[in-house]
Structures are given as C-alpha cells and as structure tokens.
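Chemist: Have a look at this one.
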Amino acid sequence: MKCLLRIVLTVAALLFIFIIFIYSGIYNISAMVSHNRVTLKLISFLTDNSIKHYSENITVPNLTDSFLIETGFAHYKEMCVDCHGAPGIQPDEIGRGLYPGPPELARSIKDWTSSQLFWITKNGIKMTGMPSFGKTHKDDKIWAIVAFIKKLPGMTKEQYMAYDKSVKEKDED
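If you want it as structure tokens, here you go:
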C-alpha cells in the first residue's frame, strides 16, 4: 500500500512540475534557437514512428514512368525547391529560415521508402513547415513528386536543368 502511495505521489509531483514548466513559458520556442537534445530526440522519435506507422499499408505505383517523373519535376520546382533546394540550387530565404530546417532531399530520401515519402508529402508534418499537399493535390500528382524526388540522389545540376528545359519545351508545344 505504501509503495502504491509513493508511486501516486511521485506521479502527481512530476505532473505538477510539468504543468508549472508549461505555464511558465520558460521553454524558448523561437525558430532561432535549437531544441535541447532530449526534446529533439523525442520529436524525431515520434515523427519517424508516426510516418512509419501510417505509411505501412500504402501501395506504391510504378515510379519509373518518364512522364510521371517530369510531372513530378514541374511540381517539385513550383512547390518544393524553395525550401529543399535542388542540385546546384540552395533553398531560398524561407527555406533557410525554417526550424527545423528542411532536409536536403538528395541526401535524406534514402532514409525513407516511397510509401513514406508519399505519406509525408500528402500529409505534411506538424510544426516543421512541411505543408500537407493532400489538401491541394490528388494522389497521382503526389506520386509524381515522389517519383521525381527518388531521382534526386546523384543528380547533377546539369541533369536537373535538363528536366527544366524538357518541361519548358513541352509547355511551348
């Protein structure tokens, strides 16, 4: 009985301290200041596991179709390059001002499956600046973006610009 009482009192004391911490405003939420290590680890763990959980039953279409990849390039250039950059192109002012900073996709996508990338692009990620494109794009357009970003690793600036030239030429036709 004494053990149970100690546990209840300990939990109550920790909850009370947590509530005081939350109401104090002492935790700096400025995008100019990094999270402490514990908070960053907790957020990363939660984010990674949530993405893996919600994307596990997504069926991946064929992402090698050249039309799909070019369509994805057009959407990437319009909506993603400002924050994530591209081969030879740095993120713009908005992308550089976000915290956490948007990942450089050419390097970071190897850590994610195609279904996970689809889920991230469709649903966004809270408090990161990553919007939900599922509110404005149908799934086929989101898959096109995924098809293109899967091509980013190893892509040179010249190859990226060739996509740009190809899309512009098709727009002129």
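Just so we're aligned, residue 5 is where the sequence shown starts under the numbering used here, counting upward by one.
Here a beta-carbon is modelled for each residue, glycine too, at the ideal position from N, C-alpha and C.
The structure presented is a predicted model; accordingly, all values stated were derived computationally and were not measured.
With a threshold of 6 Å on Cβ separation, who are the neighbours of residue 59 within its own chain once the five nearest residues in sequence on each side are excluded?
Modeler: Position 55 of the sequence shown, counted from the start, is the residue given in the question as residue 59. Once the five neighbours on either side are set aside, the close Cβ partners of residue 59 are 119, 120 and 123.
Chemist: Okay, do the region 84-91 and the region 11-28 touch, 3+ Cβ pairs below 8 Å being the bar?
Modeler: With the cut-off at 8 Å, the region 84-91 and the region 11-28 do not touch.
Chemist: Taking all protein chains shown into account, do 16 or more other C-beta atoms lie within 10 angstroms of the C-beta of residue 166, making it buried, or fewer, making it exposed?
Modeler: Translated into positions along the sequence shown, residue 166 becomes position 162. Exposed, because fewer than 16 other Cβ atoms sit within 10 Å of the Cβ of residue 166.
Chemist: Can the beta-carbon of residue 36 be found less than 9 Å from the beta-carbon of residue 91?
Modeler: As a position in the sequence shown, residue 36 is number 32, starting the count at 1. As a position in the sequence shown, residue 91 is number 87, starting the count at 1. No, these two residues do not count as a Cβ contact at 9 Å.
Chemist: Is the beta carbon of residue 149 closer than 9 Å to that of residue 76?
Modeler: Counting from one through the sequence shown, the residue named residue 76 turns up at place 72. Counting from one through the sequence shown, the residue named residue 149 turns up at place 145. Contact: yes.
Chemist: Terminal residues of the continuous alpha helix (DSSP H) containing residue 182?
Modeler: Since the first residue of the chain shown is 5 and the last is 177, residue 182 is not available in this structure.
Chemist: Can we say the region 62-72 touches the region 130-138, given the rule of at least three CB pairs closer than 8 Å?
Modeler: With the cut-off at 8 Å, the region 62-72 and the region 130-138 do not touch.
Chemist: If the criterion is Cβ atoms closer than 9 Å, does the pair residue 151 and residue 47 meet it?
Modeler: For this step, residue 151 is matched to residue 147 along the sequence shown. For this step, residue 47 is matched to residue 43 along the sequence shown. Not in contact: residue 151 and residue 47 (Cβ atoms no closer than 9 Å).
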